[in-house]
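Numbering (this note's numbering) for the sequence shown: 48 to 230.
We put the beta carbon where it would ideally sit given N, CA and C, even for glycine.
Since we're looking at a predicted model, the values are computed, not measured.
Only one structure is covered here, and it is reproduced in the block below.
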Amino acid sequence: TMHWELKDITVWHLERLTPLPAPPPPHAYELVNLVDPDPGFCRYLYATVGAPWLWYEKIGWSLSEWQHHVNQPNLQFWVAYVAGNPIGYFEINHGNDGASEICLFGLMPNWVGKGLGSALLQDAINQAFKPDQRRIWLHTCSLDHPNALPNYTKNGFNLFKEERFAAKVPAEPLEPFPGAYSP
C-alpha cells in the first residue's frame, strides 16, 4: 500500500515564445510520434519515467481513462528509442489558443544523467512549435529532478508564474512494478 506525506511544493510555470534558431543536430536516439497510441504503453511510460519523481496523479487511472486520455485530438506522444528500447518521452498538447503545452517530459530512470535531457527537450520544443503556435509552456516542481529547471531555463524558457503549496504526495518513489526500487 502507498504511504503518503504532506510536503511543501514549489511549482514553476515556464514559457518560450520563439522557436529554436536552427534544428538540433542528430541525436543518439530515434524520435517517433506514436500514431493511435496504446493506452497501456502510455501508462507504462508515465509510470516508469515518473516513478522517481512521484508522478502519482494518473497511476490509479482505469484503462478507459487512459484510452480517453490518449485519444484527445490535440495530444501527441513522442518516444525516443535506442536500439528499439524506449529511453524517454514527452507529451504535447497543441492548444487551440496558439499555445502548446509540453505536458510530460522525461527519461527512463536508467537513462537519466547520460546527457540526453537537453537534446530531448530541444526535440520537444521543435515538435511543440507548430506554425500556428506562438507560445509553448510547461511546468515543473520541486519534486522533479534537480536538473529539470536549469535544463528548461538553459533552453530558453522563462518563468511566468510560481506557486507554493502543501500537498499529500507518496512518501517514497513509486514502483512501476514490484521491487523496481527495492535494494
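Might you give, ordered along the chain, the residues of its own chain that have their beta carbon closer than 7 Å to the beta carbon of residue i, omitting 5 neighbours on each side?
| i | result |
| --- | --- |
| P99 | P156 and P220 |
| L67 | Q169, I172 and N173 |
When we look at the beta-carbon of residue i and count the other beta-carbons within 10 Å, is it buried (16 or more) or exposed?
| i | result |
| --- | --- |
| A127 | buried |
| W51 | exposed |
| V96 | buried |
| R211 | exposed |
| H141 | buried |
| V117 | buried |
| G107 | exposed |
| F224 | exposed |
| L110 | exposed |
Can you grab the Cα-Cα spacing for the pair residue i / residue j, in whole Å?
| i | j | result |
| --- | --- | --- |
| L64 | K208 | 15 Å |
| E138 | C150 | 5 Å |
| E148 | V58 | 15 Å |
| I172 | Q180 | 11 Å |
| P73 | A166 | 9 Å |
| L81 | I56 | 32 Å |
| M49 | A175 | 35 Å |
| G75 | N194 | The question names Gly, yet the displayed sequence has Ala at residue 75. Going by the C-alpha atoms only, they are around 20 Å apart. |
| P71 | V216 | 36 Å |
| P120 | D144 | 14 Å |
| F88 | H192 | 23 Å |
| D83 | G131 | 19 Å |
Between which residues of its own chain and residue i is the CB-CB distance below 8 Å, once the five residues before and five after are set aside?
| i | result |
| --- | --- |
| L92 | F124, V126, P133 and Y136 |
Tell me, to the nearest whole angstrom, how far the beta carbon of residue i is from that of residue j; I am working on the premise that it is less than 8 Å.
| i | j | result |
| --- | --- | --- |
| L190 | L101 | 5 Å |
| E62 | N202 | In fact, because the Cβ distance is near 12 Å, the residues do not count as touching under 8 Å. |
| K105 | A214 | Going by Cβ atoms, the distance from K105 to A214 rounds to 15 Å, so no, they are not a contact pair. |
Residue ranges of each alpha helix (DSSP H) within the segment 87-133, 4 or longer:
110-117
Alpha helix (DSSP H) segments (min. 4 residues) lying fully within the segment 123-200
164-175
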